[in-house]
Amino acid sequence: RGVAYAPYADLAWCETGTPDLDIAREFAQAVQAASPGKLLSYNCSPSFNWKKNLDDKTIASFQEELAALGYKYQFITLAGIHINWFNTFQFAHAYARGEGMKHYVNMVQEQEFAARDKGYTFVSHQQEVGAGYFDDVTTVIQGGSSSVTALTG
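Add 586 to the 1-based position in the sequence shown for this note's numbering, that's all there is to it.
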């Protein structure tokens, strides 16, 4: 199908049942032979049991190998939801076992603070959702100062 649809598509998407460089190679070669220069895509699916199918070294180099085969768009479907769901579960499990806020501080807040030097900005979630704009509007409406702005304190 990839060969048949390639002339009509922006990119050709290779989907496999397990992480499989051999199938990806065959797909890439066939599509490129029929449509030279066609962009290729590969789903690095979270549904795969990566460790069951590949060793650590192959997992670590898997995407580089795909890139060498011409796969320009590689993605993990639903990576964000798996990350959110698992970390929320971990936090909720610890929180429910006692010492509630201690777990938030240790598992979330302190790690966020430590990640700021790497460019993490969500420590101040108000900043991320545009609260600064509304703080400015509130300050203007209130004549230059306000006790209810989100980004103070």
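Each residue gets a CB set at the ideal place from its N, CA and C atoms; glycine is no exception.
Please tell me whether residue i has its Cβ less than 9 Å away from any Cβ of chain B.
| i | result |
| --- | --- |
| GLU612 | No chain B is present in this structure, which holds just one protein chain. |
Ignore the nearest five residues each way along the sequence and tell me which others in residue i's own chain have a CB closer than 8 Å to its CB.
| i | result |
| --- | --- |
| LEU763 | Since the first residue shown for the chain is 587 and the last is 739, residue 763 is missing from the structure and cannot be characterised. |
| TYR681 | HIS689 and TYR690 |
For residue i, name the three-state secondary structure that DSSP assigns.
| i | result |
| --- | --- |
| SER647 | helix |
| PHE634 | coil |
| PHE661 | strand |
| GLN728 | coil |
| PRO622 | coil |
| VAL723 | helix |
| LEU652 | helix |
| GLY684 | coil |
Let me check one thing: in DSSP terms, what residues is residue i bridge-paired to?
| i | result |
| --- | --- |
| CYS600 | TYR628 |
Let me confirm a value: residue i is counted as buried when at least 16 other C-beta atoms fall within 10 Å, else exposed. Which label applies?
| i | result |
| --- | --- |
| ALA678 | exposed |
| GLY588 | buried |
| ALA592 | buried |
| VAL691 | exposed |
| PRO622 | exposed |
| PHE648 | buried |
| VAL726 | exposed |
| VAL617 | buried |
For residue i, which residues of its own chain have a beta-carbon under 6 Å away from its beta-carbon, when the five flanking residues on both sides are left out?
| i | result |
| --- | --- |
| THR644 | none |
| CYS600 | ALA610, PHE613 and TYR628 |
| ASN639 | THR604 and PRO605 |
Can you list, in chain order, the residues of its chain whose CB lies under 7 Å from that of residue i, leaving out five sequence neighbours each side?
| i | result |
| --- | --- |
| LEU664 | PRO632 |
Quick one: measure Cβ to Cβ for residue i and residue j, integer angstroms, because I've assumed they're closer than 8 Å.
| i | j | result |
| --- | --- | --- |
| GLN676 | MET687 | Going by Cβ atoms, the distance from GLN676 to MET687 rounds to 16 Å, so no, they are not a contact pair. |
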